[in-house]
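Peer 1: In this note's numbering, the protein residues as written are 31 to 259.
Could you have a look at this structure, given as structure tokens, before my questions?
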């Protein structure tokens, strides 16, 4: 993945940092989108599908950790946390929540750009290893985050993709309801099993040849779900 095609989402409520990063990244050929609040960031991520995210933890409307949890439910792009917090517990919390790197403010632009390039390189290598899974009804390309059926791309919402991706990555295995909810929606939704029924029904309508008799997206009564090729 080269810089000319790399989409960066910068999330920070400090105008001077947004401006500095937008200028420095844009002149190097990156495509930059900025957001100053958590809500704006989540909308922007869904609209633009960034390749890498730069996230400040101290946002005005919600915790950066909550934003990270929301993104991690469906987005695999690397996240570099920017924060004025230097306590190791903050770093551990961010990394445990799914951050790929942690840069403490104030930071040197050269070091930051080097970390950004490294994160993008790691993601490109990881994506290259992702297989294309073909079933008798549809094809899932994990690297391109794309599903096709009858030679046409199927539009999935970010949540639908998150659920399908989790099942496909564990193909052939039973994925428990709570595990799936935590992964796609976040820990606070671990008991909201009705979400799963609604979204699985939507996926079956879009992907199965006969949604009322699914052969790929299977329910294991009382336990969870399974993807079968």
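Every residue, glycine too, gets a C-beta built ideally from N, C-alpha and C.
Kindly indicate which three-state DSSP category residue 162 falls into: helix, strand or coil?
Peer 2: strand
Peer 1: Check whether the stretch 63-80 and the stretch 132-147 touch, using three or more Cβ-Cβ pairs below 8 Å as the test.
Peer 2: no
Peer 1: Return the CA-CA distance between residue 114 and residue 59, expressed in angstroms with no decimal places.
Peer 2: For the pair residue 114 and residue 59, the Cα-to-Cα distance works out to about 27 Å.
Peer 1: State the DSSP-derived secondary structure class of residue 116, mapped to helix, strand or coil.
Peer 2: coil
Peer 1: Which term fits residue 177, buried or exposed, when burial requires 16 or more other beta carbons within 10 angstroms of its beta carbon?
Peer 2: Buried, since its Cβ has 16 or more Cβ neighbours within 10 Å.
Peer 1: Have a look at residue 71 and residue 217 and give me their C-alpha separation to the nearest angstrom.
Peer 2: 20 Å
Peer 1: Below 6 Å CB to CB, which residues in the same chain sit around residue 108 once its five sequence neighbours on both sides are set aside?
Peer 2: Contacts found: 82, 130, 149 and 153.
Peer 1: CA-CA distance, residue 171 and residue 252?
Peer 2: For residue 171 and residue 252, the gap between their C-alpha atoms comes out near 29 Å.
Peer 1: Under a three-way DSSP split, which group does residue 134 fall into?
Peer 2: strand
Peer 1: For residue 80 and residue 197, I'd like the C-alpha separation in whole angstroms.
Peer 2: If I take the Cα positions, the gap works out to 23 Å.
Peer 1: Hey, how far is the Cα of residue 246 from the Cα of residue 47?
Peer 2: 47 Å
Peer 1: Taking 7 Å as the limit between beta carbons, can you name the residues of its chain near residue 242, skipping five residues before and five after?
Peer 2: none
Peer 1: Quick check: residue 21 and residue 133, are their CB atoms within less than 8 Å of each other?
Peer 2: Since the first and last residues shown for the chain are 31 and 259, residue 21 lies out of range.
Peer 1: Enumerate in chain order the residues of its own chain whose CB-to-CB distance from residue 259 is below 8 Å, with the five nearest sequence positions on each side excluded.
Peer 2: 163, 164, 165, 201, 202 and 246
Peer 1: Do you know offhand how far residue 75's Cα is from residue 96's?
Peer 2: 14 Å
Peer 1: Write down the C-beta distance between residue 124 and residue 98 rounded to the nearest angstrom, noting that I regard them as a contact closer than 8 Å.
Peer 2: 7 Å
Peer 1: Measuring alpha carbon to alpha carbon, tell me which residue in 147, 223, 255 and 181 is nearest residue 199.
Peer 2: 255
Peer 1: Leaving out five residues before and five after residue 231 in sequence, what residues of the same chain have Cβ atoms less than 8 Å from its Cβ?
Peer 2: 241
Peer 1: Does the beta-carbon of residue 42 have 16 or more other beta-carbons within 10 angstroms, so that it is buried, or is it exposed?
Peer 2: Counting C-beta atoms within 10 angstroms of its own C-beta, residue 42 has 16 or more neighbours from the protein chains shown and is therefore classed as buried.
Peer 1: Kindly list the residues whose CB is nearer than 6 Å to the CB of residue 34, restricted to its own chain and excluding five residues on each side of it in sequence; keep chain order.
Peer 2: Only weak support is given to the placement of residue 34: the predicted model assigns it a pLDDT of 46, under 50, and the value that follows is read from those uncertain coordinates. 59.
Peer 1: Which value, in whole angstroms, describes the spacing of the CA atoms of residue 147 and residue 55?
Peer 2: Their Cα atoms are separated by approximately 11 Å.
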